[in-house]
Structure formats: structure tokens, C-alpha cells
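Residue numbers (mature numbering (1 follows the signal peptide of the UniProt record, and there is no 0)): -27 to -1, 1 to 516.
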Amino acid sequence: MMLEKFALRSLLAGVAMSALLAAPAFAVTPADTLVEGFAFDDIISMDPGEAFEFSTAEVTGNTYDLLVRLDLSDTSKVKGDLAESWTVSDDGLTYTFKLKPGMKFASGNPITAADVAYSFERAVKLDKSPAFIIGQFGISGDNVAEKAKAVDDTTFQFVVDKAYAPSFVLNCLSATVASVVDSKLVKEHVAAVTPSADYKWDNDFGNAWLKTGYAGSGAYKLREWRANEAVVLERNDNYNGEKAKLARVIYRYMKESSAQRLALEAGDIDVARNLEPNDLDAIAKNADLTTTSAPKATVYYISLNQKNPNLAKPEVRQAFKYLIDYDAMASTILKGIGEIHQSFLPKGDLGAIDDNPFKLDVAKAKDLLAKAGLPDGFKVTMDVRSGQPTTGMAESIQQTLGQAGIKLEIIPGDGKQTLTKYRARNHDIYIGNWGQDYFDPNSNAQTFASNPDNSDAGKSHTLAWRNAWDIPDLTKQTEAALLEKDSAKRADMYKDLQKKILDTSPFVIIHQQLEVAGLRKNLKGFALGPSFDTNFVGSVSKQ
């Protein structure tokens, strides 16, 4: 049994943990420990300057602090985390943050503005996947020391290259890449690096150590991560906010939905995190268990490559929007794990609309195809990543397209195969999902409504570019929304963009993901957040 390996290695001391690990099955998890069944095989690193996976974001959200954090009571705003207050200069370029006094890292080291500056510097210079979130403000390895600096122990200053909407800047600083690390502790673990053409710094900024190490100040501290086995968190008694109610949290690796359900029913785990509709239904009917869900900032869509002359016809693009059986998908394939949502901004974003004007209407679709000169339909292919829910969605779409004479061939493949083809613009139709890189409307607007250079050599590989959709006017509107300082006006600009894309785009957005969990009824305070880094466990307790 996987958890027994942890007992052998003496990961954690105490009677409660011994009881948890002593037997292959147990009726009750320890009173001071939360055990979650979780398929976290996407984790590759625990370094917040490198990690860019959903599961790691959840761990980071519970183990590291930020200057500002998403306000869960109003997700169009942020609130102070380490920052007590902040100001923006009159020219809109300089953001000055005042830190709360007397804060400590889990190590006991004081939290200072120098730690914040170092955290920004290492993220930018490491230049891993999430670094662009900070880099998009004109920040590079060469200028980060001047653009992100400590003015004194409690004052941090961040200088951007344009007068962006403050909400955009602050939302980006709530992303996990902006997590604040204990610079003193990290510097004790840096490894020397020989500079090269690809990496000109002489050290790794502690990256090798932080892949499995920990240098944060969150409600919990990372005790250990073992790939495809477990992630173990322990309460951080130096935490600057309200202390976590439970002593520890164990994410126990469980891939299959059915295995999670059985373990939850047996009392082996407190929470099941990756449930498919049938298992979710079974848990909902169990008197000892309950379920919870939350919409996530991930939308599922199909896209039509405009290099295909048939798919490039405006009437064909619109016909596809009437050839999806949204209601049938919602009641079967997506039951409990998705809700119909046809706009590119997910619920919770500034300016998100919830207009769902399209329903299955084969007659209307046939009329549109006839106007496009294709009354008998045509043949086309769809690249589909094997697995659910995409395979089930593709099969449903194949059936409804056929009712209008469109013969769809499904081409299955793994994630690497389908994405490689999609990113090279070699597909006809692609089905997939898109999750926000940071909780701001620009993250989705920039990819669905912007394409600065539609040539094959274009460097901005947005989803619009991948589908060869040349949209200079919408691109300008997307860029203008970044510079609108008034939040209400900025929201209106995104509403306008969404309405235009609903009718004219090569994107058929089908649903927004619902993250679900099954849990034992003795848990109190467990809630799923709107993003993958806001599934907080510090407030969870047991009766």
C-alpha cells in the first residue's frame, strides 16, 4: 500500500499518523489529518518559479504567500496577502507595496521586501514556463533588479513598461509565479551553473533544491512530495494569518474515479477529487457522504481552422454553433462536471457574460450551409485527445453534424500528438480545453480574440493564430482593454469582445468545467475555489 511506504520512511511522527498508516484499510482517518484522494500525476516540480500545472498550483496556494491574492468574495478584485496596502503612481507605471509588519516564513526568518524582490528576480531569470506572466510587463533578466526592488525592509516597488489597467497588473501578481520565497533559505541551497548562450547566470537560484524543497510562509508547509504516491503538508505555526485547523494534509495519489469513490465510502480518505459522473451520482446518494462543486476558469471548445476553405465560410462557422447538442451533453457526458457556457470568459472573470444563445437546430444549420453553397455538407476531420470527456463530446458532435450532411472523421491521439498538430495549424477541427494562465480577462481575450500576425511565421501563437483567424480590429480592441484603467469600462470592453466572438468566430465554446469533490459529512469548511490555486484547506476541520 502506497501510504505504508511513508510509514517505513518515518515521514511523520505521532499516534494519529501511525494509526493512519498502520493498516491497508481503516474506517476513520485521524481527527487532525485531512486525507484527499487526488490524481496529481501532472506535478513535475514544487518550485513556484517553475511549476505551471494544476495540481502544483493547489499545493502552492496552500504553502506560499503572495503580495496580493484573489478575493474569493468578489473575484473581479484582489486583496492584500503579504501586502498591507499599495499605491499606483500617477503615470500608471510604478506600483508600491507596503508589507504587513512582523511576518515570518515557516523557517522563522523574517519576511522582507528583499525577499519579494528576490522572488521576482529568480522567477524572471529562471525563465521557466510561468515567467512570461511577470515578463509581459517589460521585465527581463537584465532589468529585473531595477524594475522589481526593495525600497526598504517593508516597501517593494514594481515598475511596468506601460500604463496598464491596474486590475490586470494586480491579477497577474496573484498568480503562483509571484509566490514569495525565503531568500535566505533558498540562497543556502543554490547550485553553481556554468553560464551559456541559453542561460547566462552563474547559479540556479535554488531551482534544483526547490523542485522538492520548500521555502514559503503559507498556512501549511510542504513536508514531502513523492511522485505518484503522496504529497504531505504540515501546519505552519509561523503563519501570519489564521492558523490551519488541522495538523496535516495528505494528498494520496489515486488515479481512477472508481477507486476514489470506494476509498471514500470505506472511510480510507476524507475527500475524493477526480470523480466522473457515475461515481459522483453514487456518492450523492450515500447518506454518509456529500458532494461539492465550483466552476473553474477552464472552457471546453472546438475550433475550425480557417485554412480549410469550407470552414472559413462565415455561414459554416455559424452553422457549427447550431450543430452541437449542448443540452444532451450537459445531462450525460458532462453531468456534474461541466455546465453550458458559450463565451470565452469563464464565470467569475471581470466582464464575463453568461449568454448562451445557441441550441441544437439542424434546420437552421442546413439553411446556413445552403447559403454557404454547401447544401449537401462536406467531409472534415477532428483531432481528439483520447480520454473523457473529449472523446464522448467528439462522438456526440459527429452524430449531430451528420444530421446536416457533414461527415466528420475523428482522429484520436494522445495529448502530445494532437497538440503538436494543432500548434502547427495542420488540423481541420480541434476539440480541447483552455484554462487561464492568470485570473484576469486578458488571459482568455488575448488568445481567443487577438492575432497580431496571422502568417505561419507569426510569433504570437494564440488560439486565433492556431486557427488562422485574421482579426486586426479585434486584436486592437484586446490591446486597448489592457490599458483601460476604469474597471467598469474595462469590463464593458470585454463584454463587447465576447458578443462579437459569439457570432463570428471559428470557436464553438461548449461548456465551463465544474470541479467536483465527494467528501465525508464530518468535514467542515471544505470548499473548492474558482481557480486551481484557490482550493484552500487551512479552514477545514473535522467534527
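Glycine included, C-beta positions come from ideal geometry on N, C-alpha and C.
Query raised in the report: Opposite F131 in the DSSP bridges: which residues?
Result: Taking the first residue of the sequence shown as 1, we reach residue 131 at position 158. Bridge partners of F131: Y68, A121.
Query - Buried/exposed call for Q409, threshold 16 Cβ in 10 Å - result: Walking along the sequence shown from the start, residue 409 turns up at place 436. It is buried - the Cβ of Q409 has at least 16 other Cβ atoms within 10 Å.
Query raised in the report: Going by C-alpha distance, which of G498, Y411, A437 is nearest L146?
Result: Position 173 of the sequence shown, counted from the start, is the residue given in the question as residue 146. That would be Y411, whose Cα lies nearest to the Cα of L146.
Requested in this report: Kindly indicate which three-state DSSP category V142 falls into: helix, strand or coil?
Outcome: Within the sequence shown, numbered from 1, the residue matching residue 142 stands at position 169. Residue state, collapsed to three classes: helix.
Report task. Take the Cβ of R42 as the centre, count every other Cβ of all protein chains shown within 10 Å, and call the residue buried at 16 or more, exposed below. Result -> For this step, residue 42 is matched to residue 69 along the sequence shown. Label assigned to R42: buried.
Query raised in the report: Which stretch, first to last residue, makes up the beta strand (DSSP E) that contains W407?
Result: As a working mapping, residue 407 is identified with position 434 in the sequence shown. Run containing W407: 402 to 408, per the beta strand (DSSP E) assignment.
Query raised in the report: Pairing CB atoms from the stretch 238 to 249 with CB atoms from the stretch 482 to 497, are three or more of them under 8 Å?
Result: Taking 8 Å as the limit for Cβ pairs, the verdict is that the stretch 482 to 497 does touch the stretch 238 to 249.
Query - M76: first and last residue of the uninterrupted alpha helix (DSSP H) it sits in - result: Translated into the one-based positions of the sequence shown, residue 76 becomes position 103. M76 -> no alpha helix (DSSP H), and no H or E assigned at all.
Query raised in the report: Can you round the beta-carbon distance between K470 and A418 to whole angstroms, since I take them to be within the 8 Å contact cut?
Result: Residue numbering aside, residue 470 sits at position 497 when the sequence shown is read from its first letter. Residue numbering aside, residue 418 sits at position 445 when the sequence shown is read from its first letter. First, the residue type needs correcting, since residue 470 is Leu and not Lys in the sequence shown. With a Cβ gap of about 6 Å, L470 and A418 count as contacting.
Report task. Find the nearest neighbour of N440 within the set L447, L99, T420, judged by alpha-carbon distance. Result -> Here residue 440 refers to the residue found at position 467 of the sequence shown. Closest by alpha carbon: T420.
Query raised in the report: Does DSSP put D88 in a helix, in a strand, or in coil?
Result: To locate residue 88, count along the sequence shown from 1; it is residue 115. Looking at D88 - three-state DSSP - the assignment turns out to be helix.
Query raised in the report: Helix, strand or coil for G108 per DSSP?
Result: Locating residue 108 in the sequence shown gives position 135, where the first residue counts as 1. Three-state result, G108: helix.
Requested in this report: Go to S276, then tell me how far its beta strand (DSSP E) extends in each direction, as first and last residue.
Outcome: As a position in the sequence shown, residue 276 is number 303, starting the count at 1. Residues 262 to 277.
Query raised in the report: Whose C-beta lies closer than 6 Å to the C-beta of D20 among residues of the same chain, with five residues either side of it excluded?
Result: Counting from 1 along the sequence shown, the entry for residue 20 is found at position 47. Taken in chain order, the residues that qualify are N180, L183, K184.
Query raised in the report: Are T264 and I256 touching if we call contact CB-CB under 8 Å?
Result: Counted from its first residue, the sequence shown places residue 264 at position 291. Counted from its first residue, the sequence shown places residue 256 at position 283. Yes, the pair counts as a contact, with Cβ atoms nearer than the cut-off.
Query raised in the report: Looking only at its own chain, which residues have a Cβ that is under 8 Å from the Cβ of T373, when we skip the five neighbours before and after it?
Result: Along the sequence shown, read from residue 1 onward, the residue named residue 373 stands at position 400. Around T373: L296, I297, D298, L333, V335.
Requested in this report: Give every residue of the same chain whose Cβ lies closer than 8 Å to the Cβ of I16, excluding the five residues on either side of it in the sequence, and list them in chain order.
Outcome: Translated into positions along the sequence shown, residue 16 becomes position 43. A24, E26, S28, T29, V32, W198, A200, V204, listed in sequence order.
Requested in this report: Could you tell me the distance, in whole angstroms, from the CA atom of D14 to the CA atom of A121?
Outcome: By one-based count along the sequence shown, residue 14 stands at place 41. By one-based count along the sequence shown, residue 121 stands at place 148. In this structure, the straight-line span from the alpha carbon of D14 to that of A121 is close to 34 Å.
Query raised in the report: Terminal residues of the continuous alpha helix (DSSP H) containing D465?
Result: Numbered from its first residue, the sequence shown carries residue 465 at position 492. Its alpha helix (DSSP H) spans residues 460 to 477.
Requested in this report: Consult DSSP for W59 and reduce its assignment to one of helix, strand or coil.
Outcome: Translated into positions along the sequence shown, residue 59 becomes position 86. Reduced to three states, the DSSP call for W59 is strand.
Query raised in the report: Hey, which unbroken runs of the alpha helix (DSSP H) at 4 residues or more fall wholly within the stretch 283 to 310?
Result: 287 to 294, 299 to 304
Requested in this report: My understanding is that D38 touches L55, with C-beta atoms under 8 Å, so please give their C-beta distance in whole angstroms.
Outcome: Counting from one through the sequence shown, the residue named residue 38 turns up at place 65. Counting from one through the sequence shown, the residue named residue 55 turns up at place 82. The Cβ separation is near 5 Å, so the contact holds.
**Report entry** Rounded straight-line distance, which links the Cα of V163 to that of D401
**Finding:** To locate residue 401, count along the sequence shown from 1; it is residue 428. To locate residue 163, count along the sequence shown from 1; it is residue 190. Roughly 47 Å between the two C-alpha positions.
Report task. Check the DSSP bridge columns for T354 and list the partner residues they point to. Result -> The sequence position of residue 354 within the sequence shown is 381, counting from 1. The partner list for T354 (beta bridge, DSSP) reads E382.
**Report entry** M366 and I223 closer than 8 Å at C-beta
**Finding:** Start at 1 with the first residue of the sequence shown, and residue 366 comes out as number 393. Start at 1 with the first residue of the sequence shown, and residue 223 comes out as number 250. No, they are not a contact pair.
Query - Exposure of A343, with buried meaning 16 or more beta-carbon neighbours within 10 Å - result: In the sequence shown, counting from the first residue as 1, residue 343 sits at position 370. A343 should be labelled exposed.
Query raised in the report: Are the beta-carbon atoms of I107 and V153 separated by less than 8 Å?
Result: Position 134 of the sequence shown, counting from 1, holds the residue named residue 107. Position 180 of the sequence shown, counting from 1, holds the residue named residue 153. Cβ atoms of I107 and V153: not closer than 8 Å.
Query raised in the report: For the candidate residues N399, D328, L307, whose alpha-carbon lies nearest to that of T364?
Result: In the sequence shown, counting from the first residue as 1, residue 364 sits at position 391. Here the closest residue by C-alpha is L307.
Requested in this report: Within the stretch 142 to 195, note down every full alpha helix (DSSP H) run reaching 4 residues or more, in order along the chain.
Outcome: 156 to 160, 180 to 183
Report task. Look up Q450 in the DSSP assignment and say whether it is helix, strand or coil. Result -> Counting from one through the sequence shown, the residue named residue 450 turns up at place 477. Correct three-state label for Q450: helix.
Requested in this report: Please say whether K157 and N209 have beta carbons closer to each other than 8 Å?
Outcome: Reading the sequence shown from its first residue, position 236 is the one you call residue 209. Reading the sequence shown from its first residue, position 184 is the one you call residue 157. It is not a contact, given that the beta carbons lie outside the stated cut-off.
Query - Reduced DSSP secondary structure (H/G/I, E/B, other) of G365 - result: Residue mapping note: residue 365 aligns to position 392 of the sequence shown, counting from 1. If DSSP states are grouped into helix, strand and coil, G365 belongs with the helices.
Query raised in the report: Helix, strand or coil: how does DSSP classify R246 here?
Result: Taking the sequence shown and counting its residues from 1, one reaches residue 246 at position 273. In this structure, R246 counts as coil in the three-state DSSP scheme.
Report task. Taking all protein chains shown into account, decide if G75 is buried (16 or more other Cβ within 10 angstroms of its Cβ) or exposed. Result -> Numbered from its first residue, the sequence shown carries residue 75 at position 102. With fewer than 16 Cβ atoms within 10 Å of its Cβ, G75 is classed as exposed.
Query raised in the report: How about V353 and L381: do their beta carbons lie closer than 8 Å?
Result: For the purposes of this step, residue 353 is taken as the residue at position 380 of the sequence shown. For the purposes of this step, residue 381 is taken as the residue at position 408 of the sequence shown. For V353 and L381, yes; Cβs fall inside 8 Å.
Query - Whole-angstrom distance between F499 and S231, CA atom to CA atom - result: Within the sequence shown, residue 231 is the residue found at index 258, counting from 1. Within the sequence shown, residue 499 is the residue found at index 526, counting from 1. Approximately 21 Å between the Cα atoms of the pair.
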